[in-house]
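J.: From first to last, the protein sequence lines stand for chains A and B. Quick note, the first sequence lines up with residues 156 to 267 if you use our numbering. Quick note, the second sequence lines up with residues 20 to 132 if you use our numbering. So that we are looking at the same thing, I have put the structure below in structure tokens.
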Amino acid sequence: NAGVMQNPRHLVRRRGQEARLRCSPMKGHSHVYWYRQLPEEGLKFMVYLQKENIIDESGMPKERFSAEFPKEGPSILRIQQVVRGDSAAYFCASSRPQTEQYFGPGTRLTVT
Amino acid sequence: AQSVTQLGSHVSVSEGALVLLRCNYSSSVPPYLFWYVQYPNQGLQLLLKYTSAATLVKGINGFEAEFKKSETSFHLTKPSAHMSDAAEYFCAVSDENAGKSTFGDGTTLTVKP
Numbered sequence: 156n157a158g159v160m161q162n163p164r165h166l167v168r169r170r171g172q173e174a175r176l177r178c179s180p181m182k183g184h185s186h187v188y189w190y191r192q193l194p195e196e197g198l199k200f201m202v203y204l205q206k207e208n209i210i211d212e213s214g215m216p217k218e219r220f221s222a223e224f225p226k227e228g229p230s231i232l233r234i235q236q237v238v239r240g241d242s243a244a245y246f247c248a249s250s251r252p253q254t255e256q257y258f259g260p261g262t263r264l265t266v267t
Numbered sequence: 020a021q022s023v024t025q026l027g028s029h030v031s032v033s034e035g036a037l038v039l040l041r042c043n044y045s046s047s048v049p050p051y052l053f054w055y056v057q058y059p060n061q062g063l064q065l066l067l068k069y070t071s072a073a074t075l076v077k078g079i080n081g082f083e084a085e086f087k088k089s090e091t092s093f094h095l096t097k098p099s100a101h102m103s104d105a106a107e108y109f110c111a112v113s114d115e116n117a118g119k120s121t122f123g124d125g126t127t128l129t130v131k132p
């Protein structure tokens, strides 16, 4: 059973460009979570999604950030007009209902 | 609201010595508690979890943690450190619905030969 998959593993964008981060949950998992980890810090919750629904987006910045988890395909975290402060590791996790989360290897975004 | 405090951002032990990583939580509802380990440039791996069953939880790699409600603590221990235990460790809390998790800032464990 493959684990949570994220791609790309590393992403470099210039300021003002768009970044798209993909997450494929573990087989059988219907819940997806996105977290951001800044250097030397812990993980900060961003958004919690189920298929076609955003359940909790209390950790998402109000502007430039969006997330989706369509009926088919991976979950996408989209960052428009990236700035240097967006440079971080973005982790996706998935779970079945009311069970522990399993994390992917992360996407390391660098904004130049 | 839930929160996690990990006391000590860096802990250093000698190989073979006891490992103790501290975690205190705050939660208005019965919590689910987790410890994760992160190796450099990798994702988080679940070490163990507490979900309101036995208060002493055994995990992988010889780690265990004890839930103490009176102290709102969930400290992680291992009797004898190995060099391979050197990593960053995160304590996390979520509510019974196991939705979003709130993480501590992490503790970096260094193991000296």
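Think of the CB as a built atom: it goes at the ideal place given N, C-alpha and C, for glycine as much as any other residue.
#1: Using three-state DSSP, classify A/Met201 as helix, strand or coil.
#2: Excluding the 5 residues flanking B/Gly27 on each side, which residues of the same chain have their C-beta closer than 8 Å to its C-beta?
#3: Using a Cβ-Cβ cutoff of 7 Å, what residues of the region 39-69 of chain B are near chain A? List them in chain order.
#4: List, in chain order, every chain A residue whose beta-carbon is nearer than 8 Å to that of B/Asp124.
#5: Could you say which of A/Leu264, A/Phe200, A/Glu207, A/Val237 lies nearest to B/Lys119 if we only look at CA atoms?
#6: Which residue wins for smallest C-alpha separation from A/Pro229, given the options A/Pro216, A/Glu196, A/His184, A/Thr267?
#7: Taking 6 Å as the line, does the beta carbon of A/Asn162 fall inside it for any heavy atom of the ligand ATP?
#8: Residues of chain A with CB under 7 Å from B/Lys17, in chain order?
#9: Quick check on A/Glu223 - is its C-beta less than 7 Å from some C-beta in chain B?
#10: Give the interface partners of A/Phe246 over in chain B, defined as CB-CB distance under 8 Å, in chain order.
#11: With distances taken Cα to Cα, identify the nearest neighbour of B/Leu67 among B/Val30, B/Pro59, B/Gly81, B/Ala20.
#12: Can you tell me whether B/Ser103 is helix, strand or coil according to DSSP?
#13: Enumerate in chain order the residues of its own chain whose CB-to-CB distance from B/Lys77 is below 8 Å, with the five nearest sequence positions on each side excluded.
#14: Would you grab the beta carbon distance between B/Cys110 and B/Gln25 for me? Rounded to a whole angstrom, and I think it's under 8 Å.
#15: Would you call the region 228-244 of chain A and the region 32-51 of chain B in contact, with 3 or more CB pairs under 8 Å?
#16: Indicate whether at least one CB of chain B lies closer than 7 Å to the CB of A/Pro260.
T.: Based on what the coordinates show:
#1: strand
#2: Leu40, Arg41, Thr126
#3: Phe53, Gln61, Gly62, Leu63, Leu65, Lys68
#4: Glu196, Gly197
#5: A/Phe200
#6: A/His184
#7: Among the ligands in the structure shown, none appear at all, so the ligand ATP cannot be discussed.
#8: Because chain B in this structure spans residues 20 to 132, residue 17 of chain B falls outside the shown range and cannot be described.
#9: no
#10: Gly62, Leu63
#11: B/Gly81
#12: helix
#13: Leu67, Glu83
#14: 5 Å
#15: no
#16: yes
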